[in-house]
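Comments concern the structure below.
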Amino acid sequence: MKKAILNKDDIQLIAIFAAIWAAFEILLGNSLHIMKIPFRGTILTFFSAIILIIANKFIGKRGALLLIASVTASLKAVSAGGFFIAPMIAIIMESLIAELIFYFSKSNLFSSIIAGIFIMLYTLTHGIIAQLFVFGIDIVNIYNFIAKELSGILGLNSANIYYFLSFLIVFYAFAGTIAGILGERIAIHTKEKIKYLSEK
Amino acid sequence: MNKTVIKILSLILFVSAFLPFELSSIICSISIFTIIVLKPIILQKVFNKFLIIMILICLVVYPVLSIEKDSAIWIINYSNSSLINGLKIITRAILILLAFNLISIASKDYNIKSFWQKIGLNSFDKIFDISKDLLPSAFDVIKNKFTRNKRQNLKNAFFHPIHFISDILARFIMNSTKNHQNYEQITMRDE
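Line by line, the protein sequences are chains A and B.
Each residue of the first sequence is one higher than the one before, starting from 29 at the first, in our numbering.
Each residue of the second sequence is one higher than the one before, starting from 2 at the first, in our numbering.
Here you go:
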């Protein structure tokens, strides 16, 4: 990743990607909320990961993704008419993860997939971290108790719960991989399309 | 209520969530009573479906189904220590959620720009203004793609997602760059 000296074009691109991300967050977020679709956060994060990877391909400078996230979070706060902490933290954390991965590795398909995987895995832990923060560490005992009771009722052993957890992790990692590949390929196609349209 | 008072109240609630249970439970009951009197709408936000389910689990299911049952209400046996443990968890959750809800009320007109500048994002101001101007056209581009030729576009989005999204992005980037350049030229001429 190049050093963070932002020129006019970079600022323009950061603003464009922030507007696109905010539009997606607001439109898709609101529609998913109205339709009461489960795993709303996961669906939104999938698109956020794609947007972050595309943005990195276009700008490729340190701190650009964080700037995009801060503008997106602010636009979302302005549109929602308040400071909603959970979505703001999620947006900033997603960009921070992508920023860190692209800081330590070259921007290519592999790093995009890794970024996608970590962003998606963060969504899985976001809920757990939030619950630990709100309910405290004692909630783990209660969840443990519920898991034991449920496995007793359903006739499952505790190993099945670990299988379920590993399945969740694999599923999120798979979704992250798809987001990484999609982000990388969309960025390449968009660049080609822009070249074609400007030559036209 | 004054915004500074709300901020101080939310801070008190947040801190009291981490105090010993004897103290936090008293503060929790007083704050719930005060909010019922002053602004009951906040309680509606705090006591959402998820919290109600958690209350049922922590205060009913967990004590009743625990193995060591040492107390009873009528014919229902329950574990006293599990009930107290559940009460601790719920008290903490209510206090923290109340504090966050009060903060979001107090920060409704908060100047977000100054917040990001305070933490060192200097270009934020300029980028935010450009993004804010671009947001309506971003809405239009996304909405148009799903309202005009709905069937065809949905088909494209499903079977050729890469071409579909890259087409939206390319056109949006091109248009907004052109519009911004035109706007800058006009403002420079005016100056």
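Beta carbons: idealized from backbone N, C-alpha and C, even for Gly.
query: So, for F45 (chain A): in the same chain, excluding its five sequence neighbours on each side, which residues have a beta-carbon less than 6 Å away from its beta-carbon?; result: A83 and I96
query: What first and last residue would you give for the alpha helix (DSSP H) that runs through S26 (chain B)?; result: F22 to L39
query: What's the C-alpha gap between M55 (chain B) and S83 (chain B)?; result: 14 Å
query: According to DSSP, which residues form a beta bridge with A73 (chain B)?; result: B:N78
query: What do you reckon, are the CB atoms on A145 (chain A) and Y200 (chain A) nearer than 9 Å?; result: Here the sequence assigns Ile to residue 145 (chain A), which means Ala is not the residue at that position. Yes, the pair counts as a contact, with Cβ atoms nearer than the cut-off.
query: Under three-state DSSP, which class holds K89 (chain A)?; result: strand
query: Are there three or more Cβ pairs, one per stretch, closer than 8 Å when the stretch 53-69 of chain B is compared with the stretch 165-175 of chain A?; result: yes
query: Do you know offhand how far S17 (chain B)'s Cα is from I91 (chain B)'s?; result: 13 Å
query: Express the C-alpha separation of F165 (chain B) and L155 (chain B) in angstroms, rounding to a whole number.; result: 9 Å
query: Would you kindly check if the distance between the Cβ of L39 (chain B) and the Cβ of I28 (chain B) is under 9 Å?; result: no
query: Got a sec: which bits of the stretch 53-74 of chain B sit with their beta carbon under 8 Å from any beta carbon on chain A, in order along the chain?; result: M55, I58, C59, V62, Y63, L66 and S67
query: Examine chain B for any beta-carbon lying closer than 9 Å to the beta-carbon of H217 (chain A), and answer yes or no.; result: yes
query: Can you check whether the C-beta of V105 (chain B) is within less than 9 Å of a C-beta belonging to chain A?; result: The sequence shown places Ser at residue 105 (chain B), rather than the Val named in the question. Output row for S105 (chain B): interface = yes.
query: Count the other CB atoms within 10 Å of the CB of F101 (chain B); is the residue buried (16 or more) or exposed (fewer)?; result: buried
query: Just the chain A side, please: which residues come within less than 8 Å of S11 (chain B) by C-beta, in chain order?; result: Per Cβ cutoff of 8 Å: no residues; S11 (chain B) is ~12 Å from chain A at best.
query: What are the residues of the stretch 87-98 of chain B that lie near chain A, defined by any Cβ-Cβ distance shorter than 9 Å?; result: G87, K89, I90, I91, R93, A94, I97 and L98
query: Among A:D37, A:I147 and A:T73, which one has its Cα closest to the Cα of I129 (chain A)?; result: A:I147
query: By the DSSP assignment, the alpha helix (DSSP H) with I1 (chain B) in it spans what residues?; result: Outside the displayed span of chain B (2 to 192) sits residue 1 (chain B), for which this structure offers no information.
query: To the nearest angstrom, how far is it from the Cα of I33 (chain B) to the Cα of L44 (chain B)?; result: 8 Å
query: Could you pull out every residue in the same chain whose Cβ sits closer than 6 Å to the Cβ of N157 (chain B), ignoring the five residues on either side in sequence?; result: F165
query: Specify whether the stretch 67-85 of chain A and the stretch 203-214 of chain A touch according to this definition: at least 3 beta carbon pairs, one from each stretch, less than 8 Å apart.; result: yes
query: Does any C-beta atom of chain A lie closer than 9 Å to the C-beta of F15 (chain B)?; result: no
query: Just to confirm the assignment, what range does the alpha helix (DSSP H) spanning D37 (chain A) have?; result: K36 to M63
query: So, helix, strand or coil for A105 (chain A), using DSSP?; result: helix
query: Sorted by chain position, which residues of the same chain lie with C-beta nearer than 7 Å to S139 (chain A)'s C-beta, five sequence neighbours on each side aside?; result: I129, F130 and S133
query: Would T35 (chain B) count as contacting chain A if we go by Cβ distances under 9 Å?; result: no
query: Since V142 (chain B) and I163 (chain B) should fall inside the 8 Å C-beta cutoff, what is the C-beta to C-beta distance between them, to a whole number of angstroms?; result: With a Cβ gap of about 17 Å, V142 (chain B) and I163 (chain B) do not count as contacting.
query: For the stretch 158-183 of chain B, enumerate the residues whose C-beta is nearer than 8 Å to any C-beta of chain A, in chain order.; result: P162, I163, H164, I166, S167, D168, L170, A171, R172, F173, I174, M175, S177, T178 and H181
query: Can you look up S140 (chain A) in the DSSP assignment and give me helix, strand or coil?; result: helix
query: Less than 9 Å between the C-beta atoms of A101 (chain A) and M116 (chain A), yes or no?; result: yes
query: Below 8 Å on the Cβ atoms is my contact criterion, and I expect G69 (chain A) with L149 (chain A) to pass it. Report the Cβ-Cβ distance as a whole number of Å.; result: In fact, because the Cβ distance is near 13 Å, the residues do not count as touching under 8 Å.
query: Tell me the rounded alpha-carbon separation between A143 (chain A) and W49 (chain A).; result: 17 Å
query: Do the stretch 73-83 of chain B and the stretch 214-222 of chain A make contact, defined as three or more Cβ pairs closer than 8 Å?; result: no
query: In or out: V162 (chain A) buried (at least 16 other Cβ within 10 Å) or exposed?; result: buried
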